[in-house]
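There are 2 protein chains.
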Amino acid sequence: MSVTVAVDAMGGDFGPPVTVPAALAFLRENEGARVILVGAEDALRAELAARGGASHPRVEVVAASEVVTSGELPSAALRTKKDSSMRVAINLVKSGRAAACVSAGNTGALMAIARFVLKTLPGIERPAIATALPTLRGQTTVLDLGANVNCSAQQLYQFGIMGAALVAATQHCERPSVGLLNIGEEEIKGNDVVKEAAELLRASDLNFIGNVEGDDIYKGTADVVVCDGFVGNVALKTSEGLAQMLVTFLKEAFKRNLLTKLVALIALPALKGFRHRVDPRRYNGASLLGLRGIVMKSHGGTDVLGFQCALRRAFEEAESGVLERIARHVTRTGTHPALAESQDA
Amino acid sequence: MSVTVAVDAMGGDFGPPVTVPAALAFLRENEGARVILVGAEDALRAELAARGGASHPRVEVVAASEVVTSGELPSAALRTKKDSSMRVAINLVKSGRAAACVSAGNTGALMAIARFVLKTLPGIERPAIATALPTLRGQTTVLDLGANVNCSAQQLYQFGIMGAALVAATQHCERPSVGLLNIGEEEIKGNDVVKEAAELLRASDLNFIGNVEGDDIYKGTADVVVCDGFVGNVALKTSEGLAQMLVTFLKEAFKRNLLTKLVALIALPALKGFRHRVDPRRYNGASLLGLRGIVMKSHGGTDVLGFQCALRRAFEEAESGVLERIARHVTRTGTHPALAESQDA
Numbered sequence: 143m144s145v146t147v148a149v150d151a152m153g154g155d156f157g158p159p160v161t162v163p164a165a166l167a168f169l170r171e172n173e174g175a176r177v178i179l180v181g182a183e184d185a186l187r188a189e190l191a192a193r194g195g196a197s198h199p200r201v202e203v204v205a206a207s208e209v210v211t212s213g214e215l216p217s218a219a220l221r222t223k224k225d226s227s228m229r230v231a232i233n234l235v236k237s238g239r240a241a242a243c244v245s246a247g248n249t250g251a252l253m254a255i256a257r258f259v260l261k262t263l264p265g266i267e268r269p270a271i272a273t274a275l276p277t278l279r280g281q282t283t284v285l286d287l288g289a290n291v292n293c294s295a296q297q298l299y300q301f302g303i304m305g306a307a308l309v310a311a312t313q314h315c316e317r318p319s320v321g322l323l324n325i326g327e328e329e330i331k332g333n334d335v336v337k338e339a340a341e342l343l344r345a346s347d348l349n350f351i352g353n354v355e356g357d358d359i360y361k362g363t364a365d366v367v368v369c370d371g372f373v374g375n376v377a378l379k380t381s382e383g384l385a386q387m388l389v390t391f392l393k394e395a396f397k398r399n400l401l402t403k404l405v406a407l408i409a410l411p412a413l414k415g416f417r418h419r420v421d422p423r424r425y426n427g428a429s430l431l432g433l434r435g436i437v438m439k440s441h442g443g444t445d446v447l448g449f450q451c452a453l454r455r456a457f458e459e460a461e462s463g464v465l466e467r468i469a470r471h472v473t474r475t476g477t478h479p480a481l482a483e484s485q486d487a
Numbered sequence: 143m144s145v146t147v148a149v150d151a152m153g154g155d156f157g158p159p160v161t162v163p164a165a166l167a168f169l170r171e172n173e174g175a176r177v178i179l180v181g182a183e184d185a186l187r188a189e190l191a192a193r194g195g196a197s198h199p200r201v202e203v204v205a206a207s208e209v210v211t212s213g214e215l216p217s218a219a220l221r222t223k224k225d226s227s228m229r230v231a232i233n234l235v236k237s238g239r240a241a242a243c244v245s246a247g248n249t250g251a252l253m254a255i256a257r258f259v260l261k262t263l264p265g266i267e268r269p270a271i272a273t274a275l276p277t278l279r280g281q282t283t284v285l286d287l288g289a290n291v292n293c294s295a296q297q298l299y300q301f302g303i304m305g306a307a308l309v310a311a312t313q314h315c316e317r318p319s320v321g322l323l324n325i326g327e328e329e330i331k332g333n334d335v336v337k338e339a340a341e342l343l344r345a346s347d348l349n350f351i352g353n354v355e356g357d358d359i360y361k362g363t364a365d366v367v368v369c370d371g372f373v374g375n376v377a378l379k380t381s382e383g384l385a386q387m388l389v390t391f392l393k394e395a396f397k398r399n400l401l402t403k404l405v406a407l408i409a410l411p412a413l414k415g416f417r418h419r420v421d422p423r424r425y426n427g428a429s430l431l432g433l434r435g436i437v438m439k440s441h442g443g444t445d446v447l448g449f450q451c452a453l454r455r456a457f458e459e460a461e462s463g464v465l466e467r468i469a470r471h472v473t474r475t476g477t478h479p480a481l482a483e484s485q486d487a
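Residue numbers (this note's numbering), protein chains in the order written: chain A, 143 to 487; chain B, 143 to 487.
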């Protein structure tokens, strides 16, 4: 059985010149995949022709006349851009024509439109944004990364369920360990919401390993790290900034003079191995979890390789039945007061 | 005029074998400095003798019979360890015998004891922990790093005043730029506390540049970045974890085989330059700001070079009159409703 992925082909900093070749590369590596490219039909057909994919049997083009821009307010995009490539791609998931959709566009608009069109899964109060990060031991999935600024303990608990379901489904790891992001400095160890969330997680059937701290993310202490969207967003962006600074400094160190430039040439194979391990493109793709459909956010500035990774992640989520797993977990733990309440609502 | 620094010589993972040689090195580079080593007298005198500092004219030893351990609860340390090296060092600041004190011990205990013994400056509700981080442009001072888990807008505003005063005094930069750490994903751009803090900062005479995001810390977008202690602590620890992971991966890349090992040898000078630029020891020393005295927290696991840096920072703060500058700023902006209230209290 094939899995169809709808692509917001106009989203991101580059649009079709990145999304179309990425889609074709993705189809080459996944024979069971089909793609629906959504956007300006002429531009998409021209790009397909230029890439030798004019009559690809597993590519379909669906027209959309508008594009959500990066600076647009999510509420405005939701209200006014009914025929945007982003919205039409999400509609394809809603109607069942696609099993998942991928967009490199405006994160806030994607979340707002996806929430409005698809709705949340039963028992889930708010969707969260989750992504995998490289660690010393493999990878760790962190959520939420910015969808929810103020989270209740119940929401953090639900993030734990969703993150564990995602990792269990896509990484073939039945009982992924779940850690709650906290700080160790204060005697009281974190605020009341985090303490209450720890109690909910401890009482659940998740493999909860307790509090973790910021450095545990990259140590790979837990398979899933749960935090509110403000903290998660700061942690992610701070990491991006630090990595960029270190790469800049490393380049400068090797560019200082003729000798160090020569050394850099010799060191290139070793540095390439290093670079591959931490290449952010290989980790591109953040899941909007908790919706009645799979929606994947790609980094806006990524290239073909990065967008291809986001497509692959969406495909894997659809294939592995992440949504069913979240729904099952929520049902199983449905007696939990936190969830019972939100299910009643 | 000389400046005396009191040293909790027993604190940290290593105690006198690190603190004593660091103190002697610090005295060698600062002729206007004096040091009071606080702790187990015999151990300190033995260490001094072993390092050729037995009769150093600018070293004094003050006995303290107890040590605050790293696992100890701050409240317990405050209540029971009246003769700890940490507390006696802080007492020396209180009595005026020392202009500053430095400890590599338990952060929570240091904050609790310093707050109890020294009290906060007029108009400052809560002290904050501040440290400088390397950036693409130089350095950025971030606060709070974990002393305050739930901050009011007024507290964040006061962190801005304190951070700006610290940078102005020690970095000879009269109007340092101040940024408020926030996230850009959500339409509402952050929570209510952060929005209110932005209004207070905008209305102040600080050089407030508005919201900054996590990656701006290492870009060096602002001289001072203000955030609550939960977020700051996660950002700092996440950075530590990421840096450690990248260094590990870099080492592994060069250790893969005989050829890459050889390349590593040739690349050593370039890599050393890189390492020096981001060496965490060079940035060691976090200020407990807002107290009626200078208290510097050193990383517990640092070595002689790192502890020496923390001593240097404490010395620079004492020499440059940071406390007077904070007090002056608070007075000048004393008409601000936020501060007027807390001054009345």
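Quick reminder that beta carbons are idealized off the backbone N, C-alpha and C, glycines included. Quick caveat, the model's predicted, so the values are computed rather than measured.
Is B:R268 near B:Q297, with beta carbons less than 7 angstroms apart?
What you label residue 268 of chain B is simply residue 126 of the second sequence in a count that begins at 1. What you label residue 297 of chain B is simply residue 155 of the second sequence in a count that begins at 1. Taking 7 angstroms as the Cβ cut-off, B:R268 and B:Q297 qualify as a contacting pair.
Identify the contact partners of A:K361 in chain B, using a Cβ-Cβ distance below 7 angstroms as the criterion.
Here the question's residue 361 of chain A lines up with position 219 in the first sequence. Correct list: G383.
Can you tell me whether DSSP reads A:G352 as helix, strand or coil?
Stepping through the first sequence from its first residue, residue 352 of chain A is reached at position 210. In the structure shown, A:G352 sits in a strand (DSSP, three-state: E or B).
Which chain B residues are close to A:V244, counting only those with a beta carbon under 9 angstroms from its beta carbon?
Within the first sequence, the letter at position 102 stands for residue 244 of chain A. Chain B residues near A:V244: none, gap ~18 angstroms exceeds 9 angstroms.
Give a yes or no on whether the minimum CB-CB distance between A:D357 and chain B is below 7 angstroms.
Taking the first residue of the first sequence as position 1, residue 357 of chain A is located at position 215. True, the Cβ-Cβ gap to chain B drops below 7 angstroms.
Check for me: the alpha helix (DSSP H) holding B:A452 runs from which residue to which?
For this step, residue 452 of chain B is matched to residue 310 along the second sequence. Segment 446-462, the alpha helix (DSSP H) holding B:A452.
Does the stretch 169-184 of chain A come into contact with the stretch 450-469 of chain A, if we say contact requires no fewer than three beta-carbon pairs (one atom in each stretch) closer than 8 angstroms?
Segments in contact, yes.
How would you call A:R257, buried or exposed, if buried means at least 16 neighbouring beta carbons within 10 angstroms?
Here the question's residue 257 of chain A lines up with position 115 in the first sequence. Label assigned to A:R257: buried.
Can you name, in chain order, every residue of its own chain whose Cβ lies under 7 angstroms from the Cβ of B:E458, other than the five neighbours on each side?
On the second sequence, residue 458 of chain B is found 316 positions in, with the first residue counted as 1. Closer than 7 angstroms at Cβ, skipping near neighbours: T312.
Does B:V291 pass the burial test, meaning 16 or more other C-beta atoms within 10 Å, or should it be called exposed?
Translated into the one-based positions of the second sequence, residue 291 of chain B becomes position 149. By the 10 Å Cβ count, B:V291 comes out buried.
Do B:A272 and B:G305 come within 7 angstroms of each other at the CB atom, strictly closer than that value?
What you label residue 305 of chain B is simply residue 163 of the second sequence in a count that begins at 1. What you label residue 272 of chain B is simply residue 130 of the second sequence in a count that begins at 1. Yes.
Of the residues A:I232, A:V389, A:A185, which one's Cα is nearest the Cα of B:L278?
Along the second sequence, one-based indexing puts residue 278 of chain B at 136. Answer by Cα proximity: A:V389.
Is the beta carbon of A:G356 less than 7 angstroms from the beta carbon of B:K361?
Locating residue 356 of chain A in the first sequence gives position 214, where the first residue counts as 1. Locating residue 361 of chain B in the second sequence gives position 219, where the first residue counts as 1. No, they are not a contact pair.
Leaving aside the five residues before and after A:P216 along the sequence, list all residues of the same chain whose C-beta is less than 6 angstroms from its C-beta, in chain order.
Along the first sequence, read from residue 1 onward, the residue named residue 216 of chain A stands at position 74. Taken in chain order, the residues that qualify are G250, A251, A254.
Beta carbon of A:A246, beta carbon of A:A148: below 7 angstroms?
The sequence position of residue 246 of chain A within the first sequence is 104, counting from 1. The sequence position of residue 148 of chain A within the first sequence is 6, counting from 1. In this structure, A:A148 does not lie closer than 7 angstroms to A:A246 by Cβ.
Here's a check: name, in chain order, each residue in its chain whose Cβ is nearer than 6 angstroms to the Cβ of A:G302, leaving out the five neighbours to either side.
Looking up residue 302 of chain A in the first sequence gives position 160. Closer than 6 angstroms at the Cβ level, and outside the excluded window around A:G302, lie V320, L343, L348, V368.
Which one or two residues does DSSP pair with B:K261 in a beta bridge?
Residue 261 of chain B sits at position 119 when you count from the first residue of the second sequence. Partner(s): none; B:K261 has no beta bridge.
Considering only residues of the same chain and omitting the five flanking positions on each side of A:V230, which have a CB-CB separation below 7 angstroms?
Counting from 1 along the first sequence, the entry for residue 230 of chain A is found at position 88. Around A:V230: V180, V204, A206.
Spell out whether any CB of chain B is found under 7 angstroms from the CB atom of A:M387.
As a first step, residue 387 of chain A must be located in the first sequence, where it is residue number 245. It does: the Cβ of A:M387 has a partner Cβ on chain B nearer than 7 angstroms.
Would B:N375 count as contacting chain A if we go by Cβ distances under 7 angstroms?
One-based indexing of the second sequence puts residue 375 of chain B at position 233. Judged by the 7 angstroms Cβ criterion, B:N375 is in contact with chain A.
Under a CB-based cut-off of 7 angstroms, is A:L278 close to chain B?
As a working note, residue 278 of chain A is residue 136 in the first sequence. Chain B contact via Cβ: present.
Can you check whether the C-beta of B:T380 is within less than 7 angstroms of a C-beta belonging to chain A?
Taking the second sequence and counting its residues from 1, one reaches residue 380 of chain B at position 238. Yes - at least one Cβ of chain A is within 7 angstroms of the one on B:T380.
May I have the straight-line CA-CA distance separating A:E382 from B:I178, to the nearest angstrom?
Stepping through the first sequence from its first residue, residue 382 of chain A is reached at position 240. Stepping through the second sequence from its first residue, residue 178 of chain B is reached at position 36. Spanning the two alpha carbons is a distance of roughly 42 angstroms.
Using 7 angstroms as the threshold, is the C-beta distance between B:V446 and B:P158 below it?
Translated into positions along the second sequence, residue 446 of chain B becomes position 304. Translated into positions along the second sequence, residue 158 of chain B becomes position 16. No, they are not a contact pair.
Please list, in chain order, all residues of the same chain as A:K403 whose beta carbon is under 8 angstroms from its beta carbon, the five residues on each side excluded.
For the purposes of this step, residue 403 of chain A is taken as residue 261 along the first sequence, with counting starting at 1. So the qualifying residues of the chain are F396, K397.
Output, in chain order, the set of chain B residues within a Cβ distance shorter than 8 angstroms of A:I408.
Locating residue 408 of chain A in the first sequence gives position 266, where the first residue counts as 1. Near A:I408 (Cβ distances below 8 angstroms), the residues of chain B are V405, I408, A409.
Taking 7 angstroms as the cut-off, decide whether the C-beta atoms of A:S227 and A:V209 are in contact.
One-based indexing of the first sequence puts residue 227 of chain A at position 85. One-based indexing of the first sequence puts residue 209 of chain A at position 67. Cβ atoms of A:S227 and A:V209: closer than 7 angstroms.
Go ahead and label B:D334 buried or exposed: buried means 16 or more other beta carbons lie within 10 angstroms of its beta carbon, across all protein chains shown.
For the purposes of this step, residue 334 of chain B is taken as the residue at position 192 of the second sequence. Exposed, because fewer than 16 other Cβ atoms sit within 10 Å of the Cβ of B:D334.
From A:R187 to A:Q450, what does the alpha carbon distance come to, in whole angstroms?
Sequence index remark: in the first sequence, residue 187 of chain A carries index 45 (1-based). Sequence index remark: in the first sequence, residue 450 of chain A carries index 308 (1-based). Straight-line Cα distance between these residues: approximately 19 angstroms.
In the structure shown, what three-state DSSP assignment does A:E329 receive?
Residue 329 of chain A sits at position 187 when you count from the first residue of the first sequence. With a pLDDT of 48 at A:E329, under the threshold of 50, the predicted position of this residue should be treated as unreliable, and no value is reported.
List the residues of chain A that B:R398 touches, going by C-beta distances under 8 angstroms, in chain order.
Numbered from its first residue, the second sequence carries residue 398 of chain B at position 256. Chain A residues near B:R398: A412, G415.
Between which two residues does the beta strand (DSSP E) harbouring B:D150 extend?
Residue mapping note: residue 150 of chain B aligns to position 8 of the second sequence, counting from 1. Taken as a continuous stretch (DSSP letters only), the beta strand (DSSP E) holding B:D150 covers 145-150.
Looking at chain B, is there any beta carbon in it that lies within less than 7 angstroms of the beta carbon of A:R419?
Taking the first residue of the first sequence as position 1, residue 419 of chain A is located at position 277. Cβ-Cβ to chain B under 7 angstroms: yes for A:R419.
On the DSSP bridge list, what partners appear for B:G181?
Mapped onto the second sequence, residue 181 of chain B falls at position 39. Looking at the DSSP assignment, B:G181 forms a beta bridge with B:A205.
From this set, A:G443, A:G442, A:H441, A:A428, which residue's C-alpha is nearest A:A242's C-alpha?
The residue labelled residue 242 of chain A in the question sits at position 100 within the first sequence. Of the candidates A:G443, A:G442, A:H441, A:A428, the one whose C-alpha sits nearest the C-alpha of A:A242 is A:A428.
Can you tell which of A:A412, A:G153, A:M143 has the C-alpha that lies nearest to the C-alpha of A:M438?
Taking the first sequence and counting its residues from 1, the one referred to as residue 438 of chain A is at position 296. Answer by Cα proximity: A:G153.
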